[in-house]
Amino acid sequence: MAKILKPNAELAYKIHEKCLSLSNWYGLIEELFPSVKYIYGIMTGSMEPYLKKLRHYAGGIPLLSADYGSSEGWIGANVNPTRPPEMATFAVLPHIGYFEFIPLRDAGPLGRIEPRPVGLTDVHVGEEYEVVVTNFAGLYRYRLGDVVKVVGFHNSTPELQFICRKDIMPAIN
Numbered sequence: 157m158a159k160i161l162k163p164n165a166e167l168a169y170k171i172h173e174k175c176l177s178l179s180n181w182y183g184l185i186e187e188l189f190p191s192v193k194y195i196y197g198i199m200t201g202s203m204e205p206y207l208k209k210l211r212h213y214a215g216g217i218p219l220l221s222a223d224y225g226s227s228e229g230w231i232g233a234n235v236n237p238t239r240p241p242e243m244a245t246f247a248v249l250p251h252i253g254y255f256e257f258i259p260l261r262d263a264g265p266l267g268r269i270e271p272r273p274v275g276l277t278d279v280h281v282g283e284e285y286e287v288v289v290t291n292f293a294g295l296y297r298y299r300l301g302d303v304v305k306v307v308g309f310h311n312s313t314p315e316l317q318f319i320c321r322k323d324i325m326p327a328i329n
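Residue numbers (our numbering): 157 to 329.
Right under this line is the structure:
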């Protein structure tokens, strides 16, 4: 980057002055980038705790939750991008891979019962599932570890809400 970009002391001074002039940096993004229309990014799962701070820096700029993806492949598209990120839902992209869903049912003090996986068309609204994917890269029935809730259907594909990662315990050292 040093070959392409050179230090710009005047710009650095302007940014410094903007930061000093704002109370707690509220609306900083809008001040630094006055033409910005929205902020698009991953705002679910492990990123959700940062939303409060991002909203503070964004001021009045709308936040749009990105689509639902993983290292193993794309899972779903956000078909309602104007919803707040905490309420984002994702329509499964059935052409990306073969999706199955393990129903997760509460078994009381024993934890959860995991029946056999069901297909894309066999899920039920209001139920929680763990996502299983078979993709074109060679993963076969790979359990993502994501717990999702079916909140409806977009056309005939399930619309999912990300709930949490399955069986993740924080390590406190």
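C-beta: ideal position from N, C-alpha, C; glycine also.
Keep in mind it's a predicted model, so treat the numbers as computed, not measured.
Taking the C-alpha atoms as reference points, what is the distance between residue i and residue j?
i: PHE332; j: GLY201; result: A question about residue 332 goes unanswered here, because the residues of the chain that appear run from 157 up to 329.
i: PHE309; j: TYR213; result: 34 Å
i: GLY275; j: MET203; result: 29 Å
i: THR290; j: ARG261; result: 23 Å
i: CYS175; j: LEU184; result: 7 Å
i: GLY301; j: PHE255; result: 13 Å
i: PRO250; j: TRP181; result: 42 Å
i: VAL279; j: LEU219; result: 30 Å
i: SER312; j: GLY232; result: 13 Å
What residue from the options has the CA that sits closest to residue i's CA?
i: TYR224; options: PRO237, GLY216, LEU295, ILE217; result: PRO237
i: GLU284; options: HIS251, TYR182, ARG321; result: ARG321
i: VAL287; options: THR313, PRO259, THR277, ASN311; result: PRO259
i: LEU207; options: ALA222, GLU242, VAL304; result: GLU242
i: PHE318; options: PRO271, TYR169, ALA222; result: ALA222
i: VAL303; options: HIS251, SER226, MET157; result: SER226
i: VAL307; options: LEU167, LYS209, ALA244, MET157; result: ALA244
i: VAL281; options: PRO271, PHE257, LYS193; result: PHE257
i: ALA293; options: ALA165, TRP230, GLU173; result: TRP230
Need the endpoints of the beta strand (DSSP E) that residue i sits in, please.
i: VAL287; result: 284–291
i: ARG321; result: 313–321
Measure the beta-carbon distance from residue i to residue j and round it to whole angstroms, keeping in mind my assumption that it falls under 8 Å.
i: GLU228; j: LEU295; result: 6 Å
i: ILE235; j: PRO314; result: Checking the sequence shown, residue 235 turns out to be Val, not Ile. Incorrect: roughly 11 Å between the Cβ atoms, too far for contact.
Entirely enclosed beta strand (DSSP E) segments - the segment 158–217, minimum 3 residues: 195–197, all fully within the segment 158–217.
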